[in-house]
Amino acid sequence: MLCSQDRTMEYKMLVGTCDQDDVFYEHHTQKIFLKFHAKGANRHLSDEQNEERINFLLKRLRLEGRRNTKVAKLSGGEKKRLILISELMTDKKIIFLDEPTSGLDSHLALDLISFLKEITVEKNLMMFVTIHQPSPTIVRMFDDFTFLAWGRVLYHGEYVKCEEYFKENGFIKP
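Residues 1 to 174 in the UniProt record's numbering are what the sequence shown lists, from first letter to last.
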């Protein structure tokens, strides 16, 4: 049960979240923050394996040039990617991402969603992603699409069938 206060250890090991805003140790550099996070999340990995994983994720999410930058000096988009890296290092199988593309330009947003798609397939993950105004290119990358309005589901299914569904129900695209 997602909203229950009584979350089991099994749940905590399987499910990760990347909130729109997260708590950081602002005075640490990205690298120190991630090393600290890795020690708690990946006790089964050696320091070298954690370092390799950190370097790969920093490079892939275009943060490697800022690895020695204090978290307080990062932009909002950079902080979001740092949160994502810290969660991807945990090997959780289900991840909830709240607005991972906010604060990113269209190129970085597309690159991020492409990477999430790759890693989801490669590691057999399940990701739930909220995006308020995705581009058509980005939205087509998702396996399932849910259109919400006022807290209610208006459509759930394949994106390619969404427009047809709304036409059949009297809604015309502006």
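All residues carry an ideal CB built from backbone N, CA and C; glycine is no exception.
For residue i, three-class secondary structure by DSSP
i, result
"M9", "helix"
"K123", "coil"
"F115", "helix"
"H132", "coil"
Delimiting residues of the beta strand (DSSP E) encompassing residue i
i, result
"A149", "F145 to A149"
"Y159", "First-last for Y159: undefined, no H or E at that position."
Beta-carbon spacing of residue i, residue j below 8 angstroms
i, j, result
"I131", "E99", "yes"
"T8", "N68", "no"
"K70", "L14", "no"
"D97", "R62", "Looking at the sequence shown, residue 97 is not Asp but Leu. No, they are not a contact pair."
"L110", "M127", "no"
"D144", "H156", "yes"
"Y159", "V139", "yes"
- prompt: Is it true that the region 71 to 81 meets the region 99 to 113, where meeting means three or more beta-carbon pairs spaced less than 8 angstroms apart?
  reply: yes
field: In chain order, each beta strand (DSSP E) run of at least 3 residues that lies wholly inside the region 19 to 105
entry: 94 to 98
field: Inter-stretch contact at 8 angstroms, needing at least 3 Cβ pairs: the region 81 to 96 / the region 50 to 61
entry: yes
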